[in-house]
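Heads up, the thing below is written out as structure tokens.
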Amino acid sequence: VIGILDYIGTIDEIKTRSHPTKMRNIQLLLKENKSVQTTLWGNTAQQIDDDFYKTNKGPFIVIVTSSIVKTFRGDYQLSSTLATKLYVNLDIPEVAEIRNRLNSTIDIYVKEILPKGLLKVQDGELALHNKKTIVEIKDMEWNSETKDLLVTCNAKIINIYNKYGWYYVACLTCKTKVKQVKGVLWCERCKNEPKFAVPR
């Protein structure tokens, strides 16, 4: 895939089943006036140096190779693999063609993606940011504008209900609670005896 780097996110560390890994989202503008979000994993997340796009003049035409293509709500998304390589402003005809289509007098600045589209809020400001009571939160009408809403709620724990214990035994594959049937564990969702069960 080849496109103009439009947005770039920070490098975040994500916890996976085996170990923490780095992740970064970028968005590319494609030839057809469409955009594609790309998630870069592991070492690929560091292939675009922050100083490079902040200190050099755009546009940055990026080529992403060997990625997994998925669709979500009708939009294509890319996800890097171990074989993914990123190339920026390669001296090849395809990059030259995109450059020639752009107005050379216009700088294309790369915009930074904030996590989940939320405003940056410092910890000290959090207590002042969009305060709501639990009743107000429960009464909110959830729609596309409120799905990523950040609110602050002061609450006091008055009771902890632990009649059924603090955890349940779950199937390692699907994370559903397993039951003991005739002396063996049974996962209703997977319809089999799980090889491994873990407390959750």
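Read in order, the letters of the sequence shown are residues 1 to 200 in full-length UniProt numbering. Yeah, the Cβ is synthetic: ideal placement off N, Cα and C, and Gly gets one too.
For the set PRO199, ASN89, LYS57 and ARG189, the Cα lying nearest the Cα of TYR109 is the one of LYS57. Taking a C-beta distance under 8 Å as the contact criterion, LEU102 and VAL1 do not qualify as a contact pair.
Under the DSSP assignment, ASP75 falls in the beta strand (DSSP E) whose first and last residues are 75-80.
ALA170 places its beta carbon less than 8 Å from that of VAL198.
For PRO199, no alpha helix (DSSP H) segment is defined; the enclosing uninterrupted segment is the beta strand (DSSP E) at 197-199.
Residue range 12-15 is occupied by the beta strand (DSSP E) that includes ASP12. Under DSSP, TYR7 takes part in a beta bridge, and its partners are GLN27 and LYS111. Under the three-state reduction of DSSP, THR65 is assigned to coil, being neither helix nor strand.
Residue state for ASN192 is assigned as strand, using DSSP reduced to three classes.
DSSP places THR21 in the strand class (E or B) of the three-state scheme. In this structure, the beta-carbon distance from ILE48 to ILE8 falls below 8 Å. Here the alpha carbon of ILE4 sits roughly 17 Å from the alpha carbon of SER67. The beta carbon of TYR168 sits closer than 7 Å to the beta carbons of LYS177 and ARG200 from its chain, once the five residues preceding and following it are set aside; these are given in chain order. DSSP, reduced to helix, strand and coil, places GLN47 outside both helices and strands of the structure shown, so it counts as coil. When secondary structure is reduced to three states using DSSP, ILE137 falls in the helix class.
By the CB criterion at 8 Å, ILE26 and LEU40 fall inside the cutoff.
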